[in-house]
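Notes follow the structure.
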DNA sequence: CGCTTGTTTAGAATTATTCTAAATCTTGAC
DNA sequence: GTCAAGATTTAGAATAATTCTAAACAAGCG
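See below:
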């Protein structure tokens, strides 16, 4: 049982990519599918490995290219949590990330639609914001 | 005219490092000084280059070690803004970062002392949070 | 069809970070 | 003070993450 209706999604993908002058290619479709199939904030390397299963000839550079394309047209977000590889996330709703410093798991957490009380100096034009919370997740806190 | 009183600071450094079982060394002092002298969120590489001026024999690995030591004992923060090098910041007051996507400059912005309205699931134990705002800074917005 | 532009590919190159082993320094026990 | 234990530094190698390059392909268009 698939959770998505392919034709509707293809259309969505094409449309979103189109807004930035980008084309829908089988590779971009595949990378997007990988992101949506397991939403565990994979690194580019992990996306590469997963995408290779269905598309063995896909290359490293293409995965980076596809991920960048998806980020650029607003279908995925980059997440920078710590030193090391960038992670990717297809959840485009307003949300932040809880990063467990014990087990490393990343959880999506809800955020208010506007970040209140942040004093942005006048003249500055905010476009997006990222919130990361570091701490211990419920599982790891219990085991302590 | 120096802004700091060295003896007071050395004491502070030693004290903070001590809380984690770390020693004050000339290299750690130097790296800390570099961070405080120009608060432009340098990368480890930039810290290395600046520290080398006063201490030409300092090595790459030592700079990473020192930065990690400072982060561990609460004298500096790591900042992850985008793909690429991690940046470091000696401003330990509660603050977020505004990252100008045009010129790349990073500005500290004030934050409320508690992040309100963030629904952290029960059992999770937050320790710190990072807020990054991406957008266009006042200078770049004017030039457009 | 033939051109232009966008995309993919393998692999090289670059950048960022960590590791390694030897040398050096500090500290505390005697 | 001397010595061992442990922490720290060092240069350079190794690894990891990302970007670049040049050639091949593919799609859209006149």
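Residue numbers (the working numbering), protein chains in the order written: chain A, 1 to 144; chain B, 1001 to 1144. Cβ coordinates follow ideal geometry from the N, Cα and C atoms, glycine included. In this text the structure is predicted, and so the values were computed from the model without any measurement.
By the Cβ rule, the segment 22–35 of chain A counts as touching the segment 54–70 of chain A, because three or more pairs are nearer than 8 Å.
Within chain B, 1124, 1125, 1126, 1127 have C-beta atoms less than 7 Å from the C-beta of residue 135 of chain A, given in sequence order. Under the Cβ distance rule, residue 1019 of chain B does not count among the residues neighbouring chain A, no pair being separated by less than 8 Å. Taking a cut-off of 8 Å for Cβ pairs, the segment 130–138 of chain A and the segment 90–104 of chain A touch, as three or more such pairs fall below it. In chain order, 1043, 1044, 1078, 1079, 1080 place their CB closer than 8 Å to the CB of residue 1086 of chain B, counting only its own chain and leaving out the 5 sequence neighbours on each side. If you check the CB distance, residue 124 of chain A and residue 1138 of chain B come in under 8 Å. Contact check for residue 95 of chain A against residue 109 of chain A passes: the beta carbons are separated by less than 8 Å. For residue 41 of chain A, the three-state secondary structure derived from DSSP is coil. Comparing C-alpha distances from residue 58 of chain A to each of A:92, A:126, A:26 shows the shortest one belongs to A:26. Residue 118 of chain A sits in coil when the DSSP states are folded into three classes, being neither helix nor strand.
Among the residues facing chain A, residue 1074 of chain B is not included, as its CB has no counterpart in that chain under 8 Å away. Residue environment for residue 49 of chain A: exposed (fewer than 16 other C-beta atoms within 10 angstroms of its C-beta). By the beta-carbon neighbour count (other beta carbons within 10 angstroms, threshold 16), residue 83 of chain A is exposed. Flagged as an interface residue toward chain B: residue 80 of chain A, by a C-beta distance shorter than 8 Å. For residue 137 of chain A, no beta strand (DSSP E) run applies, since DSSP gives it neither H nor E.
From the listed residues A:91, A:39, A:19, A:92, the smallest Cα separation to residue 105 of chain A is found for A:39.
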